[in-house]
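Here is the structure we will look at, set down as structure tokens.
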Amino acid sequence: MRIAGCAHWLVQRPLNPIFTGRDEILKRIQDLLDLRLEGEGRYDPCRIVITGLGGMGKSEICLKVANHMRERFWAVFWVDVSSKEQAKTAFLDIAQRLKIIAQTASEVKRALENLRQPWLLVLDNADDVDFDYSEFLPSGRQGYILMTSRIAECSKYATSTGLHEELSELGKDDAKRLLLKAARADLNHRQAEDDEARQICELLGNHALAIIQAGSYVAQGYCTLRQYPALFAHRRKTLLQHHPDQAKSRYGDIFSTFEVVAEMLDASEEQDHRDALALLSMIAMLSHNPLPIQVFEAAKQTAVDESEELKYQGLIWQLRNLPDVLERPEPRLLSSGGIKQSARWLIGVKSTRKDSKAELPSSRVVGALSLLTSLALVTRSVVDNSVMVSMHPLVHAWARDRQNSKQIEKSWTQALCTMPFSSFATQFWTVQGLYLQPHLLAILDRDMKEMFAGRPRYATARLLSNLTSALLLLTMDAKCLDFLDKMFVYLGLKVRKPDLEHWAAYNNYSIALGHKGDDDTAVYILQKLYDGLRPGTFSKGQTQNTLQIACSLSTVYNATARPENTISLLEPLMSSLQNLPSHDIVRMHAETCLGEAYGQTGKTQEAAAMLKRAAQMQLEALGEAADLYGDTQRLLAFYMSDLGQRNEAISMLEQLRIVQEKHRPVLHARRLLVEAELGRQYLKAGRTAEAIRILEVVEPLQAKIHRSNDPSLLETRLDLGEAYLRVEECSKTVDILEPVMLALSQPQRVRVPSSRTVCALRLSKGYLFTSQADKAVSILQGELSVLPEDSSWRTSAMELLITAFQQTTQLDQEIKTRETYQEHQLRFSIHPSHAVRMRHDLGKAYARAGRHGDAIRSQEEAVATAKAQLPEEDPIRLTAQYELARQLLTADRAQEARDLTGNVVGVLQKHRAETDLFRLACEHQLAYACFMVGDKPEAMETMQKVVDTQAKALSEDHSQRILSEKTLTWFKEST
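In terms of the numbering used here, the sequence shown opens at residue 1 and continues consecutively.
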């Protein structure tokens, strides 16, 4: 089967340029895949499992196959299944790339099973003996799967039409060639070097990763091939003495190769050697997955920028426990030239200068990472234009296990101190959050007692609280709440009795509660914090903390339709906020909160002006990918639309949507908010089809990540229900709005106070158009019972209720509602035509009920209003006069009816064509009135003209023509 090429390449790892050997297994795998792709057994599942020791090259074989056969598959995916969380993230990345709506790995798996194009999936590191990996194995006919595992029992996952390869050591010749490549030996090497290489390979059991590592050590000039065996023997003896369990494991000899390097680094007096070993120990506390190296630059720069502020925060301990490689750089290194020089290695740009020393990076972090890369202890790659470093799981395990308990505690402390610093760099975390997530979880994956052991209680709690800020940024609200619950228990803290010393933890806890819908508890905690930390009574840092709490409290107020609370809270603080730098995150957040509150209270001009200023500052300080900037832009677009600048608002949202798609996964809540707002603005602009296309995608995604009564989900469904009404797909309106009405009937607050009424009106319209008027009656009566008398929504609700009573033939209820409606409307200044139509319709309802006196009275009021305020040719005035005349005829007041109808006909003859249906109806009524007062000749002449005109203009079966012909016949028979 031939395809146009690989449309989706989701493989982050680069090929190893010194990959050597494994030709036979590569050929077997590629031949099998070729055979299957060409048609033989194509519709049977094909799973190939490669097992063997870690570091043997299992992953490299899969990478080689994937690259070699890339153009044979429509898509190639790589999923690291070393942890369930990491696997889920990778599967969701696949969903985002393929635009699949999914929230779990299982849902992505089902979607893959239904793809019609051939795809290749690599499941790497399936090394948990107790885990059932079948949950990650799609069974689709077009799927081809490669799995790697250290566990021989995983061979059971290979299909009968697939393959199981047990990977052993490299062949002697391949092992020798690999070592010489890694050591950068001269191709025309001496026979002695050949023998030395063979000896080293035998020492290392021809293990691929160990050979690469040993060759890299030699390539860096730390020893020769001849000297390496003695170094290895010494390191092996030390390993047996100090790490007997590790040494006796099946990886003992492999670990010895790593220890050779570690001993060299430890013994060296050179700064970059010591830095490399220290940095290796620290990153061993993180995950082995790709780590954006900008995390170190972000931490270092934050330490420079925020050190004075951190003194106010009481986090000097954090500054002191940063890794030495992150110490404050000299001023010269902060110049643009210094930064550019140190960044060369980060961005992969080679210097053009001939001086080799000029090639050395000025940053100690970069120097250490460069050294670790050259020694094959970490791997450098570029993912999404960002430089990453990762570790082979075997190296990661060794780097962690080689440390004694004291060293582990030091390394973990350094990791703990580094990550919160980098989490202050909001823009960096926003862009790199998905890659940082496994490292964040690795730090937090410890017993609470171990986290605090030997560390200052307050400082440790504060650092952990800062990490929960990162969890919030990554929308991991449940994880944030769970972690803080455990920390509160360990520290003996009570949720509803916030300890001011731990304000940051309580602040984040409240934010997460708000996201999960527990607004009351969130407000309670934040109010307690704010009351305990009044601005102006503490140091500068503590005052700023209080302002941050005020912002969090305002966010909850705005989200629960209490903007007055936000205004009364923030306006008195504006003087304090103005004292902060314009780019201060707390100040920018406060301006956004206050701007939104102004908008919610109807101060749209003030809201737009404040949000526009805030957005400009946020863009300059945080960048376009920042959550705060995105929130502000979305709100600004909303209020610009209200000010009539709808096209500008739509353009702004379309641009913001592009940014969100670039930096956020499909299921990110903020990305969905932007798309929902864009759909809403399309709807307001009359671009209903475009609105439906967006909202139909957004709604099920929001339903996956939010609770059923989440305000953003409810608003999206409200908009979608309205869109369906506009295209007359009213059954869809009913289906989507019924659960919304149920949710809004529960006691809760939403951003728009009128949401329940809006839903009731739209759902009622859906019911009326789907012949379910009785349900509309029930909803509308309930809504009218709670709406204030001065509510602008009462008019729409009563109008719909009147229609519902008409459909259910409840005439008495219709009349009562019309009377109430008229009484309500006359309290306000309404258009004369509306006043006439209202009285006219009530009169007709009286007539249908046989209350002709009331009908005439109501119609007379309508006519009097029309004559006083509407021109004579106004259609509503003419209709009211016609209906009054008809009621007068019913009441045997034929002469009055004749005079009134005659006036109407006179006006119509001046302004309407003779074939106009309303003119013909009035002329018919005039003829009847003439007949009833005894002027039969005039009646017959007028009716004859009507019949003749209708014969020209109307079909034979037209009801009005048939009635006029029958009436003329009756006139003739009665004469």
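Don't be surprised by glycine CBs; every beta carbon is placed ideally from N, CA and C.
None of the values given here were measured: they were computed from a predicted structure.
Would you say residue i and residue j are within 8 Å of each other, going by their C-beta atoms?
i: VAL933; j: ARG898; result: yes
i: TYR524; j: ARG562; result: no
i: ALA703; j: LEU713; result: yes
i: GLN681; j: ALA723; result: no
i: LEU763; j: MET741; result: yes
i: HIS273; j: MET56; result: no
i: ARG646; j: ALA685; result: yes
i: LEU718; j: GLU696; result: no
i: MET487; j: ALA461; result: yes
i: PRO832; j: GLN807; result: no
i: LEU787; j: GLY766; result: no
i: ALA835; j: ILE815; result: no
i: GLY514; j: ALA522; result: yes
i: LYS181; j: ILE18; result: yes
i: ARG587; j: GLY630; result: no
i: LEU179; j: ALA233; result: no
i: LEU474; j: GLN432; result: no
i: SER754; j: TRP793; result: yes
i: ALA152; j: ARG47; result: no
Could you check where the alpha helix (DSSP H) with residue i kicks off and where it finishes?
i: TRP119; result: Here TRP119 belongs to no alpha helix (DSSP H); instead the beta strand (DSSP E) covers 119-124.
i: VAL395; result: 393-401
i: GLY679; result: 669-684
i: LEU801; result: 793-807
i: VAL697; result: 688-705
i: LEU319; result: 316-320
i: ASP531; result: 519-532
i: GLU973; result: 959-974
i: GLN746; result: Unbroken run through GLN746: none, as it is neither H nor E.
i: GLN781; result: 773-786
i: ARG818; result: 811-825
i: THR949; result: 936-953
i: CYS223; result: Unbroken run through CYS223: none, as it is neither H nor E.
i: MET69; result: No alpha helix (DSSP H) holds MET69; DSSP gives it neither H nor E.
i: ARG28; result: 23-37
Would you list the one or two residues that DSSP bridges to residue i?
i: PHE77; result: LEU10, LEU121
i: THR460; result: For THR460, which the question treats as bridged, DSSP gives no partner whatsoever.
i: CYS46; result: TYR144
i: PRO292; result: MET388
i: ARG977; result: Nothing about residue 977 can be read from this structure; the chain reaches only from 1 to 975.
i: SER465; result: Note: SER465 sits in no beta bridge, so no partner.
i: LYS494; result: LYS497
i: THR51; result: SER149, GLU166
Give me the Cβ distance between residue i and residue j, rounded to the nearest whole Å; I'm assuming they're in contact under 8 Å.
i: ILE443; j: ALA399; result: Rounded, the Cβ-Cβ distance is 15 Å, inconsistent with contact.
i: ARG235; j: VAL260; result: 5 Å
i: TYR598; j: GLU606; result: 5 Å
i: LEU622; j: GLY595; result: Contact flag wrong, Cβ pair sits at about 16 Å.
i: SER381; j: SER390; result: 7 Å
i: THR967; j: MET943; result: 6 Å
i: ARG985; j: LEU800; result: Given a span of 1 to 975 for the chain in the structure shown, any question on residue 985 remains unanswerable.
i: GLU196; j: LEU225; result: 4 Å
The beta strand (DSSP E) spanning residue i covers which residue range?
i: THR865; result: That residue, THR865, is in no beta strand (DSSP E); its alpha helix (DSSP H) goes 852-869.
i: HIS164; result: 163-166
i: THR388; result: Before going on, a small fix: residue 388 reads as Met here, not Thr. Looking at the DSSP string, the run of the beta strand (DSSP E) that includes MET388 is 386-390.
Check whether the Cβ of residue i sits closer than 7 Å to any heavy atom of the ligand ATP, and report yes or no.
i: THR879; result: Although the ligand ATP was asked about, the structure shown includes no ligands whatsoever.
Original post:
Just checking, does the segment 605-620 make contact with the segment 554-571 on the three C-beta pairs under 8 Å criterion?
Top reply: Result no; under three Cβ-Cβ pairs closer than 8 Å.
Original post:
Are the segment 454-472 and the segment 493-510 touching by the rule of at least three beta carbon pairs closer than 8 Å?
Top reply: A contact exists between the segment 454-472 and the segment 493-510.
Original post:
Contact between the segment 265-275 and the segment 58-74: three or more CB pairs below 8 Å?
Top reply: With the cut-off at 8 Å, the segment 265-275 and the segment 58-74 do not touch.
Original post:
Counting Cβ pairs closer than 8 Å, one from the segment 85-92 and one from the segment 115-122, do we hit at least three?
Top reply: No, because fewer than three Cβ pairs between the segment 85-92 and the segment 115-122 fall closer than 8 Å, the two stretches do not touch.
Original post:
Using 8 Å as the Cβ pair cut-off and three pairs as the minimum, do the segment 90-100 and the segment 68-79 touch?
Top reply: The segment 90-100 vs the segment 68-79: in contact.
Original post:
If we count Cβ pairs, one from each stretch, closer than 8 Å, do we get three or more for the segment 865-879 versus the segment 907-925?
Top reply: Between the segment 865-879 and the segment 907-925 there are three or more inter-stretch CB-CB distances shorter than 8 Å, so the stretches are counted as touching.
Original post:
Is it a yes or a no for the segment 728-737 touching the segment 130-150, going by three-plus beta-carbon pairs under 8 Å?
Top reply: Result no; under three Cβ-Cβ pairs closer than 8 Å.
Subject >> the segment 28-37 contacting the segment 160-176, beta-carbon criterion three pairs below 8 Å >> reply: In short, these stretches touch, since the Cβ pair count reaches three.
Original post:
Is the segment 446-456 close to the segment 426-436, with three or more CB pairs under 8 Å?
Top reply: Touching, no, given that fewer than three Cβ pairs across the two stretches are closer than 8 Å.
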